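Encoded as structure tokens, the structure appears first; notes follow it.
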Amino acid sequence: MNRKTASFAAILALLLFLCTGAADAQRTTALITGGNADRVHLRARPSKQSDSLGLYFEGTPVAYSGSLEDAWVSVRIGSEEGYMMSAFLSDSLPEASSLRSMTVGVVRAASPVSLHTAPASGSQALLQLPEGTQVVILGETDTHWYYASVNGLAGYIRADSVSLAPIPRVRGQITPNVLAVLSGEDAFWHTGAAEYMTLHEVGERCFGGSNVTFPCFAIADVDQDASDELILTLSVDEDPYYGYLVLKSADGTVWGNEVFYRAMLSLRADGTFSFSSGAADNGFGYLRFAVDQHHIAALAESVSSDETITYWLNGQQVSEALYREADKGQEQKPEVIWYDLTAENLSALRKIIAD
């Protein structure tokens with residue numbers, strides 16, 4: 030296999046970015062915990078008396094700046110920016126992993142309605158959603174637009190065209206057999222090598238005896254099936270730029286899928302990510318698993334051929350402008366929360382699963 034080494038600068042930047050052991054300024058994602066309420070106000074200014082810009086559901090990820098030690102932090106949710114009280118936000122493993130319910134809505138309209146890039150009728154429409162389409166609702170703006178996700182593609186839809194489901198959908202949590210693999214107690218099936226091995230054996234079995242470690246992990250639904258997977262950063266001979274190992278439990282087996290770094294760039298809290306194989310060949314999407322293999326399901330993609338470039342969104346050819354708008358929405362999503370692979374965090378995961 031071709032093991033491409035990144036430059037020292039890129040390696041250093043990634044080391045600072047990936048693990049939560051880095052400076053607090055790098056930890057820019059938190060989840061809404063809600064306290065004793067299921068929705069939290071996004072305020073125009075850092076004050077309870079300030080105008081509300083909308084209400085966002087417990088479990089919604091936000092990108093924040095500042096410190097969660099402060100009373101208020103500046104946050105961005107989709108295209109909206111404002112302030113939230115830090116008391117209703119958390120990036121800790123126990124709290125973030127326990128927030129698994131999702132509010133679901135169903136499109137109720139005589140004709141298809143648009144998923145927009147911003148909460149305004151004049152904004153760019155990304156998709157047309159027919160009646161009966163299920164969407165995950167993250168919150169509602171003060172102008173009565175839902176910020177919603179359709180199979181990982183996020184945007185805004187008018188609230189009066191959606192009915193909320195009476196019972197929220199519950200995401201499946203990390204299972205005990207995945208935790209046993211993570212702690213080195215059990216083996217997993219490595220889909221690339223087509224054999225069982227523990228994490229400690231990956232260097233010898235797959236990399237010719239190289240020193241392979243897994244410094245950090247994240248929890249996200251990378252295949253959009255409403256069950257979480259565990260994603261490990263893969264370091265080869267102290268080079269963290271190689272990629273990831275995605276652990277998924279299915280049919281009583283833990284499957285380990287090796288994913289190259291450029292095939293899973295900027296993993297987001299909702300499990301979607303960007304990918305790139307060249308300046309004009311890139312996009313974003315999620316993973317699909319099938320027995321001993323996986324592939325990327327592209328939500329949006331730029332494809333070059335000879336001297337032409339075509340742009341695709343949800344399987345339909347679109348203009349470059351629409352593709353860029355969709356990509357901008359993807360960039361606005363908060364990054365996934367990365368945790369150091371430590372005994373303390375393993376103990377926290379054990380408690381979460383036991384509860």
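Numbering (my numbering), first residue to last: 30 to 384.
All residues carry an ideal CB built from backbone N, CA and C; glycine is no exception.
All figures in this text were calculated on a predicted structure; none of them were measured in a lab.
Beta carbon of residue i nearer than 8 Å to that of residue j
i	j	result
valine 11	alanine 209	The requested residue 11 is not part of the displayed model; the chain covers only 30 to 384.
alanine 247	leucine 296	yes
leucine 276	phenylalanine 217	yes
proline 244	serine 212	no
valine 241	valine 231	yes
serine 126	valine 207	no
alanine 298	lysine 362	yes
glycine 83	aspartate 171	yes
glycine 272	valine 288	yes
serine 94	serine 81	no
leucine 342	leucine 128	no
alanine 255	arginine 291	no
histidine 173	alanine 188	yes
Best match in the options for proximity to residue i [C-alpha to C-alpha]
i	options	result
leucine 122	Arg297, Thr58, Arg234, Tyr271	Thr58
aspartate 120	Arg291, Asp254, Ala92, Gly285	Ala92
valine 164	Val241, Val136, Thr227	Val136
alanine 116	Gly95, Ile61, Ile106, Ser79	Ile61
tyrosine 85	Gly168, Gly221, Asp268, Thr242	Gly168
glutamate 160	Pro148, Thr170, Pro141, Ser150	Pro141
glutamine 153	Ile382, Val347, Thr89	Val347
tyrosine 352	Ser256, Ala298, Pro363, Thr146	Thr146
serine 239	Ser256, Glu267, Ala319, Gln322	Glu267
methionine 293	Gly281, Arg68, Arg317, Thr282	Arg317
glycine 181	Thr371, Ala383, Ala355	Ala355
glutamate 364	Val283, Thr282, Arg105, Asp254	Arg105
isoleucine 338	Met226, Ile260, Ala177, Gly307	Gly307
aspartate 321	Ala222, Glu233, Ala372	Ala222
isoleucine 186	Pro148, His219, Ala100	Pro148
aspartate 257	Ser130, Trp341, Gln359	Ser130
leucine 375	Thr204, Asp99, Ile166	Thr204
glycine 281	Arg198, Gly83, Asp215	Asp215
glutamine 345	Val102, Gln157, Arg198	Gln157
alanine 377	Glu124, Gly272, Leu71	Glu124
histidine 70	Leu118, Gly272, Glu233, Met226	Leu118
isoleucine 325	Tyr340, Ser305, Ala309, Glu336	Ser305
isoleucine 196	Ile166, Ser190, Ala183	Ile166
leucine 370	Thr262, Ala249, Glu336, His323	Thr262
valine 283	Ala309, Ser303, Met226	Met226
glutamine 19	Tyr175, Glu98, Glu373, Phe302	Limits of the chain in this structure are 30 at one end and 384 at the other, which puts residue 19 out of reach.
serine 108	Leu97, Tyr175, Arg68, Tyr340	Tyr175
valine 190	Tyr270, Arg234, Ser143	The sequence given here has serine at residue 190, not valine. Checked all of Tyr270, Arg234, Ser143; the closest Cα to serine 190 is Ser143.
leucine 228	Leu97, Leu274, Pro269	Leu274
With 16 other Cβ atoms within 10 Å as the buried cut-off, status of residue i
i	result
tryptophan 367	buried
asparagine 65	exposed
alanine 139	exposed
asparagine 286	buried
arginine 379	exposed
glutamine 359	buried
threonine 89	buried
glutamate 87	buried
alanine 383	exposed
isoleucine 381	buried
serine 178	buried
alanine 319	exposed
alanine 52	Its pLDDT being 36, under 50, alanine 52 is placed unreliably in this model, and the value from its coordinates should be taken loosely. By the 10 Å Cβ count, alanine 52 comes out exposed.
histidine 219	buried
glycine 201	exposed
serine 192	exposed
alanine 100	exposed
serine 150	exposed
serine 334	exposed
alanine 309	exposed
glutamate 373	exposed
histidine 323	buried
Distance cut-off 7 Å: residue i Cβ against heavy atoms of the ligand ZN
i	result
glutamate 230	By its list of ligands, the structure shown contains no ligand whatsoever, and the ligand ZN lies outside what it can speak to.
Checklist entry - Between the region 103 to 122 and the region 75 to 84, do three or more beta carbon pairs fall short of 8 Å? => result yes
Item to check | Contact the region 295 to 313 vs the region 322 to 338: 3+ CB pairs below 8 Å | outcome: Yes, the region 295 to 313 is in contact with the region 322 to 338.
Checklist entry - Taking only runs of the alpha helix (DSSP H) that begin and end inside the region 192 to 251, which ones reach a length of at least 4 residues, in chain order? => result 205 to 211, 231 to 235
Next on the checklist: Restricting to runs no shorter than 4 residues, where is the alpha helix (DSSP H) found entirely within the region 109 to 175?
Outcome noted: For the region 109 to 175, whole alpha helix (DSSP H) runs of length 4 or above, ordered along the chain, are 122 to 127.
Next on the checklist: As an exercise, report each continuous beta strand (DSSP E) stretch of at least 3 residues that is fully enclosed by the region 307 to 360, in chain order.
Outcome noted: 310 to 319, 322 to 334, 337 to 342, 345 to 347
Checklist entry - If you scan the region 270 to 310 from start to end, which runs of the beta strand (DSSP E) of 3 or more residues do you find wholly inside it? => result Those beta strand (DSSP E) runs which fall completely within the region 270 to 310 and span 3+ residues are 282 to 289, 302 to 307.
Item to check | Runs of beta strand (DSSP E) wholly within the region 83 to 113 (minimum 3 residues, chain order) | outcome: 90 to 94, 101 to 106
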